[in-house]
Amino acid sequence: MTWGLIGACFAAFALELSVTASGGDAALEGFFSQWGAVPADITRAFERGDYLGQATLGMVTSMFLHAGWLHLLGNMLFLWIFGNNVEDRLGPILYLLFYLVGGIAAAVTQVVIDPNSGVPLVGASGAIAAALGAYIVLFPGARILSLVFLGFFYQLLEVPALILLGFWFGLQLLSGFAALGAETAQGGVAFFAHIGGFAFGLAVGLLLRVVGAGGSRGRPADGSMG
3 MTWGLIGACF AAFALELSVT ASGGDAALEG FFSQWGAVPA DITRAFERGD YLGQATLGMV
63 TSMFLHAGWL HLLGNMLFLW IFGNNVEDRL GPILYLLFYL VGGIAAAVTQ VVIDPNSGVP
123 LVGASGAIAA ALGAYIVLFP GARILSLVFL GFFYQLLEVP ALILLGFWFG LQLLSGFAAL
183 GAETAQGGVA FFAHIGGFAF GLAVGLLLRV VGAGGSRGRP ADGSMG
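Following this note's numbering, the numbering of the sequence shown begins with 3 at its first residue and continues without gaps.
Here is the structure:
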C-alpha cells in the first residue's frame, strides 16, 4: 500500500505537469484551488453542514498533490522510510484508512488555526506526519541511518528514531507558533497540519499498544535518510 500511495502521488504530479504545460502557472493555481484543501472554503462548508462537498473532498485529494519536485521527493522519501513499517504493523487496508484519516486530521488542524485562509493546502506531509507519530510509538527503539553534516564534512550515523522524530516534531512546534498570524503557512509550510497529523498518529500508536495490537513482531529494518 505504501508503494501504491507513492505511485499515486507521482501520477498526480504528472497530471500537475500536464496542467502547467497546457495552461501555465495560472492553470496550476486554479487546479490547486479546486483540488487542494482551502481553509476558507472548508470553514464555510462546515458552517453550512456540507461535509461531503468539493471543499471537504479537497482534504483527501490535496494529500496527493505537491508544489514541486523537492516537495514531492522529500515527502515520498519520508513515506518510504517510515510508512512501510507502520503498514507492516497495521496491514494494508487499516494502514490506508489510517493514512487518509491522518491526512484529514492534519488538514482540519490547519483549518482550525487559520480558518479564513484562501491559500490551498497541498502535499502528503500531514498524512506522513501521522505515520511518523505512529512509528515513534510502535518502534521506539528503532534506529535510522541518516546523513549527518558536520561543517564541510558528512557522515552516515545511526540515529535513534525517538531522537530524530522528536527533534522534527519540536521544529514543527517552534515554527508553527512562530508563524501564528501569518497567512496559512509561513514559507509555504502548513506547520500545524504537521502537528495535527503527528498528534493523530501518536494517539493511534498509543491505542494500538494499549489494546495489544501493537505487540512486538521484531525490530523493523533500519531505514535510511539523507
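For glycine and all other residues, C-beta sits at the position ideal for the given N, C-alpha and C.
Report task. Verify whether the separation of the beta carbon atoms of residue 68 and residue 11 is less than 8 Å. Result -> A distance below 8 Å separates the beta carbons of residue 68 and residue 11.
**Report entry** Per-residue DSSP class, three states only, for residue 67
**Finding:** coil
Report task. Would you please state the rounded distance, in angstroms, between the beta carbons of residue 109 and residue 61? I believe it to be under 8 Å. Result -> 4 Å
Query raised in the report: What does a CB cutoff of less than 7 Å around residue 8 pick up in its chain, not counting 5 residues either side in sequence?
Result: 78, 81, 82
**Report entry** Close Cβ partners of residue 56 (< 7 Å) along its chain, the five nearest in sequence each way excluded
**Finding:** none
**Report entry** For residue 54, three-class secondary structure by DSSP
**Finding:** Here DSSP, grouped into helix, strand and coil, assigns residue 54 to coil.
Requested in this report: Compute the beta-carbon to beta-carbon distance between residue 206 and residue 100, rounded to the nearest angstrom, for a pair I have assumed lies under 8 Å.
Outcome: Indeed, because the Cβ distance is near 6 Å, the residues count as touching under 8 Å.
Query raised in the report: If you drop the 5 nearest sequence neighbours on each side, which residues of the same chain put their C-beta closer than 7 Å to that of residue 98?
Result: 3
Query raised in the report: Taking DSSP as the reference, what is the three-state secondary structure of residue 39?
Result: strand
Requested in this report: Check whether the Cβ atoms of residue 113 and residue 58 lie closer than 8 Å to each other.
Outcome: no
Requested in this report: Excluding the 5 residues preceding and the 5 following residue 22 in the sequence, name in chain order all residues of the same chain whose CB lies nearer than 6 Å to its CB.
Outcome: 30
**Report entry** Beta bridge counterpart(s) of residue 123 as assigned by DSSP
**Finding:** 39
Query raised in the report: Which term fits residue 134, buried or exposed, when burial requires 16 or more other beta carbons within 10 angstroms of its beta carbon?
Result: buried
Report task. Mind reading off the beta-carbon distance from residue 34 to residue 124? Whole number of angstroms is fine, and I expect it under 8 Å. Result -> 6 Å
Requested in this report: Given a cut-off of 8 Å, decide if residue 132 and residue 38 are closer than it, judged by their beta-carbon atoms.
Outcome: no
Query raised in the report: How big is the Cα-Cα spacing for residue 90 and residue 214?
Result: Their backbone Cα atoms lie some 15 Å apart in a straight line.
Query raised in the report: Between the C-alpha atoms of residue 86 and residue 115, what's the straight-line distance to the nearest angstrom?
Result: 30 Å
Query raised in the report: Going by the beta-carbon positions, is the gap between residue 105 and residue 199 smaller than 8 Å?
Result: yes
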